[in-house]
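In what follows, a structure is listed as structure tokens, so that the remarks can point back to it.
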Amino acid sequence: MGRIQARVGEYYWERCGSIAEAVEFHRQLIRDHNRLPHFAHRKRTDRHQTPLGVLGQRRGKEVSSAELNQAFSQKFWRRKTDENGFVRVGRWKIYVEEGLPRSDVQLSYWDGTLRAERDGYPLVEYPAKWDRNAERPVKLGAPLPLVSPFNSKQMTLFDPEWIRLPVDLGPVEMKKRTIPKIHQPKFNFGT
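Residue 39 is where the sequence shown starts when you use my numbering, and the numbers rise one by one after that.
So this is what it looks like as structure tokens:
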């Protein structure tokens, strides 16, 4: 929008006495902005110099309010799986997918669910209680593995839930090992 349009807009915004007048002014401003020729389109050879002329009958994709809320209120992290398909989230080590060893995955938290995805395919979901201050899960429920093209063809050899408990990352005390003394026999080779 040019400087003159901005100044005219400010002038009329200041004189709006009610919300209805502001809504109507905004509607007129957008209509004029889309129907007047734009400097950005001045060199077009097809004579379409207005935004409406350029876009024609094309329409954007309609998005529901739930999808907008989901898109803008999620928390996202990138993690790399270990050789067994696990990732760390805070002090938790959670199972993602055995078929993706040492691969990048995207974790997201939204509406009480922690989800792992790869290339847009959901891999696993965990019901979760979240600590907003520490930005990590406080409690995780049982995993819900989802079907994806990355699922391992091999049958699962162990239950992935056994290693899901928080890992204690505190200092490790080493126990002192005592090596027993070995009694060396003495040999007598004579006088």
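In this text, a Cβ means the ideal position worked out from N, Cα and C, and glycines have one as well.
Check: Length at least 4, wholly inside the region 55-105: the alpha helix (DSSP H) runs in chain order; Outcome: 57-73, 89-93
Check: Span of the alpha helix (DSSP H), counted from its first residue to its last, around valine 46; Outcome: 41-52
Check: Which of helix, strand or coil DSSP assigns to phenylalanine 110; Outcome: helix
Check: Cβ neighbour criterion (16 or more within 10 Å) applied to phenylalanine 114; Outcome: exposed
Check: Proximity to isoleucine 132 [Cα-Cα], best of Ala166, Glu100, Ser102; Outcome: Ala166
Check: Helix, strand or coil at glutamine 192 [DSSP, three-state]; Outcome: coil
Check: Span of the beta strand (DSSP E), counted from its first residue to its last, around leucine 152; Outcome: 151-156
Check: For threonine 83 and arginine 74, believed in contact at Cβ under 8 Å, the rounded distance; Outcome: First, the residue type needs correcting, since residue 74 is leucine and not arginine in the sequence shown. That pair is no contact at about 20 Å.
Check: According to DSSP, residues forming a beta bridge with proline 165; Outcome: Thr151
Check: Terminal residues of the beta strand (DSSP E) in which valine 185 lies; Outcome: Per DSSP, valine 185 belongs to no beta strand (DSSP E) and is neither H nor E.
Check: Valine 127 beta carbon less than 9 Å from that of leucine 161; Outcome: no
Check: Best match in Lys177, Gly179, Val143 for proximity to phenylalanine 188 [C-alpha to C-alpha]; Outcome: Val143
Check: Paired residues, beta bridge with serine 146 - DSSP; Outcome: Phe114, Arg153
Check: Residues near alanine 172 in its chain [Cβ-Cβ closer than 8 Å; skip 5 each side]; Outcome: Gly128
Check: C-beta contact flag for tyrosine 164 and threonine 151 at 9 Å; Outcome: yes
Check: Close beta carbons around leucine 182, own chain, < 6 Å, minus the five adjacent residues each side; Outcome: Glu163
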